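*Asks:*
Residue numbers (the working numbering), protein chains in the order written: chain R, 942 to 1018; chain Z, 76 to 407.
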């Protein structure tokens, strides 16, 4: 089947989106800062942003490894 | 429900027929003024009219205005979608007229998301299947600003072969519309129908052999509207899944080039044309890796055959997006 490795990659990407989303909810949702008054929202959002950015970087690194593995033959060609 | 069905039929009809009748006039207008580009993949290198963006935006504005009148409860959401889409059209039009740098489009498209934020036509909860939603009040603004350049540029980057961008958008936006219906967000589903039928009507003239190319103004309009619907309809994750093949294309391109760069600036082409007008993967190691290059890595194919493979991949992504919409109702 033409592009069969791409089907695999799309499916793996879908699983990673669902798992990544789940992990981000488990990590990000409980983050809550209090005691800094009006800065509470900014501080908690800032921390969430940093954690989310880290998760996205990890997600891209994993996806890159999987890409190299799935498309090994095609990329070498 | 009856009002929604009438609105859906009316919006679809206006969207389809505006583009269906306006595009041939635009083709004649562009041909008369010699605003055409060479189709290098076609025998004899035929000249094709470009850009088709004005026809696409006319269908979107006409149909969304009808929805604006028919559905007063979603006027803010419709306004946000239309303003963002019009701004993206002008960004594309500038790029059609003058070749801009690689950073121009992402930056300019980021600004097109501002009306969505200013109008408050978004929800700061980011929903994921099985695990629920996470509230990210300030971070969501960043997500919204990133969303439009991502969807706009991914559609633009897949616009490399006859009919692919418009055909791809028909399938992806259909999956998005079905997902919105599953999630009972009917008004935004009707707004999304406009995108389905505008793309379908344009596909008639864009399919192989193309009579018109969408250009940046067309591709960015389609992509930005898709992104705006995703934000306003609160289906960001589902929208990203439905765009699977286009996202893979951008991901492969960026990870092989290691920087944001305009396709036009790259000298080494990822695919080469054979003597019998088929496409095959290049052996040039400096060339970018793209979805088309991967598809033809297994053997040379005609442009039409490659388009067919991309459409099948998009149907698969669309299926996963619809499955995700069903999973949104399931909680672990």
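Think of the CB as a built atom: it goes at the ideal place given N, C-alpha and C, for glycine as much as any other residue.
Only a predicted model underlies this, so the values are computations on that prediction, with no experimental measurement involved.
Kindly identify the DSSP beta-bridge partner or partners of residue 111 of chain Z.
*Replies:* Locating residue 111 of chain Z in the second chain gives position 36, where the first residue counts as 1. Paired residues: Z/124.
*Asks:* Drop a sphere of 10 angstroms on the beta-carbon of residue 187 of chain Z, count the other beta-carbons inside from all chains shown, and report buried for 16 or more, exposed for fewer.
*Replies:* Position 112 of the second chain, counted from the first residue, corresponds to residue 187 of chain Z. With 16 or more other Cβ atoms within 10 Å, it is buried.
*Asks:* Going by Cα to Cα distance, which pick from Z/397, Z/78, Z/385, Z/77 is closest to residue 236 of chain Z?
*Replies:* For this step, residue 236 of chain Z is matched to residue 161 along the second chain. Among Z/397, Z/78, Z/385, Z/77, the Cα nearest to that of residue 236 of chain Z belongs to Z/385.
*Asks:* Between which two residues does the beta strand (DSSP E) carrying residue 351 of chain Z extend?
*Replies:* What you label residue 351 of chain Z is simply residue 276 of the second chain in a count that begins at 1. Per DSSP, residue 351 of chain Z belongs to no beta strand (DSSP E) and is neither H nor E.
*Asks:* I need the boundaries of the beta strand (DSSP E) containing residue 198 of chain Z, first residue and last residue.
*Replies:* Position 123 of the second chain holds residue 198 of chain Z. First-last for residue 198 of chain Z: undefined, no H or E at that position.
*Asks:* Pairs of beta-carbons, one from the region 238-252 of chain Z and one from the region 291-299 of chain Z, closer than 8 Å: are there three or more?
*Replies:* Yes, the region 238-252 of chain Z is in contact with the region 291-299 of chain Z.
*Asks:* Quick one, which of Z/93, Z/313, Z/372, Z/289 has its alpha-carbon nearest residue 164 of chain Z's?
*Replies:* Reading the second chain from its first residue, position 89 is the one you call residue 164 of chain Z. Closest option to residue 164 of chain Z, Cα to Cα, is Z/289.
*Asks:* Could you tell me the distance, in whole angstroms, from the CA atom of residue 207 of chain Z to the CA atom of residue 966 of chain R?
*Replies:* Here residue 207 of chain Z refers to the residue found at position 132 of the second chain. Here residue 966 of chain R refers to the residue found at position 25 of the first chain. Looking at the two C-alpha atoms, the distance is approximately 8 Å.
*Asks:* For residue 224 of chain Z, which residues of its own chain have a beta-carbon under 6 Å away from its beta-carbon, when the five flanking residues on both sides are left out?
*Replies:* If you number the second chain from 1, residue 224 of chain Z lands on position 149. Here the set comprises 181, 184, 185.
*Asks:* So is residue 959 of chain R in contact with chain Z if we call contact Cβ pairs under 8 Å?
*Replies:* On the first chain, position 18 is the one that residue 959 of chain R refers to. With 8 Å as the cut-off, residue 959 of chain R counts as an interface residue toward chain Z.
*Asks:* Closest Cβ-Cβ distance between residue 147 of chain Z and chain R: below 8 Å?
*Replies:* Position 72 of the second chain holds residue 147 of chain Z. No, its Cβ sits nowhere closer than 8 Å to a Cβ of chain R.
*Asks:* Name, going along the chain, the residues of the region 307-324 of chain Z whose beta-carbon falls closer than 8 Å to a beta-carbon of chain R.
*Replies:* Residues 312, 315, 316, 319, 320, 322, 323.
*Asks:* Hey, residue 254 of chain Z and residue 270 of chain Z: beta-carbon distance below 8 Å or not?
*Replies:* Taking the second chain and counting its residues from 1, one reaches residue 254 of chain Z at position 179. Taking the second chain and counting its residues from 1, one reaches residue 270 of chain Z at position 195. No, the Cβ-Cβ distance between residue 254 of chain Z and residue 270 of chain Z is not below 8 Å.
*Asks:* Using the Cα positions of residue 972 of chain R and residue 988 of chain R, report the straight-line distance between them to the nearest angstrom.
*Replies:* Mapped onto the first chain, residue 972 of chain R falls at position 31. Mapped onto the first chain, residue 988 of chain R falls at position 47. C-alpha separation (whole angstroms): 8 Å.
*Asks:* Beta strand (DSSP E) containing residue 998 of chain R: first to last residue?
*Replies:* Position 57 of the first chain, counting from 1, holds the residue named residue 998 of chain R. Premise fails: residue 998 of chain R lies in the alpha helix (DSSP H), 981-1011, not in any beta strand (DSSP E).
*Asks:* Can the beta-carbon of residue 1012 of chain R be found closer than 8 Å to that of residue 369 of chain Z?
*Replies:* As a first step, residue 1012 of chain R must be located in the first chain, where it is residue number 71. As a first step, residue 369 of chain Z must be located in the second chain, where it is residue number 294. Yes, the pair counts as a contact, with Cβ atoms nearer than the cut-off.
*Asks:* Is it right to say residue 260 of chain Z is buried, meaning 16 or more other beta carbons lie within 10 angstroms of its own, or is it exposed?
*Replies:* Residue 260 of chain Z sits at position 185 when you count from the first residue of the second chain. Answer is buried; the Cβ neighbour count reaches 16.
*Asks:* Less than 8 Å between CB atoms is the rule here; does residue 962 of chain R satisfy it with respect to chain Z?
*Replies:* Counting from one through the first chain, the residue named residue 962 of chain R turns up at place 21. Residue 962 of chain R counts as touching chain Z.
*Asks:* What does the Cβ neighbour count give for residue 955 of chain R, buried or exposed, with the cut at 16 atoms within 10 Å?
*Replies:* Along the first chain, one-based indexing puts residue 955 of chain R at 14. By the 10 Å Cβ count, residue 955 of chain R comes out buried.
*Asks:* Determine the direct distance from the alpha carbon of residue 356 of chain Z to that of residue 372 of chain Z, and round the result to whole angstroms.
*Replies:* Start at 1 with the first residue of the second chain, and residue 372 of chain Z comes out as number 297. Start at 1 with the first residue of the second chain, and residue 356 of chain Z comes out as number 281. Looking at the two C-alpha atoms, the distance is approximately 5 Å.
*Asks:* Go ahead and label residue 215 of chain Z buried or exposed: buried means 16 or more other beta carbons lie within 10 angstroms of its beta carbon, across all protein chains shown.
*Replies:* Indexing the second chain from 1 puts residue 215 of chain Z at position 140. So residue 215 of chain Z ends up on the buried side.
*Asks:* Count the other CB atoms, across all protein chains shown, that sit within 10 Å of the CB of residue 144 of chain Z; report buried if there are 16 or more and exposed otherwise.
*Replies:* Position 69 of the second chain, counted from the start, is the residue given in the question as residue 144 of chain Z. It counts as exposed.
*Asks:* Since residue 324 of chain Z is in the alpha helix (DSSP H), which residue starts that stretch and which ends it?
*Replies:* As a first step, residue 324 of chain Z is located in the second chain; it is residue number 249 there, counting from the start. Start and end: 319-332.
*Asks:* Determine the burial state of residue 367 of chain Z: buried for a count of at least 16 other Cβ atoms within 10 Å of its Cβ, exposed for fewer.
*Replies:* Residue numbering aside, residue 367 of chain Z sits at position 292 when the second chain is read from its first letter. Result: buried.
*Asks:* Nearest-angstrom Cα distance between residue 352 of chain Z and residue 346 of chain Z?
*Replies:* For the purposes of this step, residue 352 of chain Z is taken as the residue at position 277 of the second chain. For the purposes of this step, residue 346 of chain Z is taken as the residue at position 271 of the second chain. Going from the Cα of residue 352 of chain Z to the Cα of residue 346 of chain Z covers about 12 Å.
*Asks:* Does the CB of residue 955 of chain R have a neighbour CB from chain Z at under 8 Å?
*Replies:* Along the first chain, one-based indexing puts residue 955 of chain R at 14. So, interface residue.
*Asks:* With three or more beta-carbon pairs closer than 8 Å as the criterion, would you say the region 315-332 of chain Z touches the region 197-204 of chain Z?
*Replies:* The region 315-332 of chain Z, when compared against the region 197-204 of chain Z, does not touch it at the 8 Å Cβ threshold.
*Asks:* List the residues of chain R whose Cβ lies closer than 8 Å to the Cβ of residue 204 of chain Z, in chain order.
*Replies:* Residue 204 of chain Z sits at position 129 when you count from the first residue of the second chain. Simply 959, 962.
*Asks:* Say yes only if the C-beta of residue 228 of chain Z is nearer than 7 Å to one or more non-hydrogen atoms of the ligand ATP, and no if none qualify.
*Replies:* Of the ligands one can find in the structure shown there are none, so the ligand ATP has no counterpart to examine.
*Asks:* Does the region 132-150 of chain Z come close enough to the region 87-106 of chain Z to have 3 or more Cβ pairs within less than 8 Å?
*Replies:* Touching, yes, given that three or more Cβ pairs across the two stretches are closer than 8 Å.
*Asks:* Near residue 276 of chain Z, which residues of its chain fall below 6 Å by C-beta distance, leaving aside the five closest residues on each side in sequence?
*Replies:* Working through the second chain from its first residue, we reach residue 276 of chain Z at position 201. So the list reads 91, 94, 95, once near-sequence residues are dropped.
*Asks:* Nearest chain Z C-beta to residue 973 of chain R closer than 8 Å, yes or no?
*Replies:* Indexing the first chain from 1 puts residue 973 of chain R at position 32. Closer than 8 Å: no.
*Asks:* Taking Cβ-Cβ distances below 8 Å as the criterion, which residues of the region 204-237 of chain Z are in contact with chain R?
*Replies:* Listed by position, the residues of the region 204-237 of chain Z near chain R (Cβ gap below 8 Å) are 204, 205, 206, 207, 208, 209, 210, 211, 212, 213, 214, 217.
*Asks:* Please report how far the alpha carbon of residue 390 of chain Z lies from the alpha carbon of residue 105 of chain Z, in whole angstroms.
*Replies:* As a first step, residue 390 of chain Z must be located in the second chain, where it is residue number 315. As a first step, residue 105 of chain Z must be located in the second chain, where it is residue number 30. Answer to the nearest angstrom: the Cα atoms are 33 Å apart.
*Asks:* Report the rounded CA-to-CA distance for residue 158 of chain Z versus residue 190 of chain Z, giving the unit in angstroms.
*Replies:* Residue mapping note: residue 158 of chain Z aligns to position 83 of the second chain, counting from 1. Residue mapping note: residue 190 of chain Z aligns to position 115 of the second chain, counting from 1. Straight-line Cα distance between these residues: approximately 7 Å.
*Asks:* Please compile the residues from chain Z whose C-beta is within a distance smaller than 8 Å of the C-beta of residue 948 of chain R.
*Replies:* One-based indexing of the first chain puts residue 948 of chain R at position 7. Near residue 948 of chain R (Cβ distances below 8 Å), the residues of chain Z are 388, 391.
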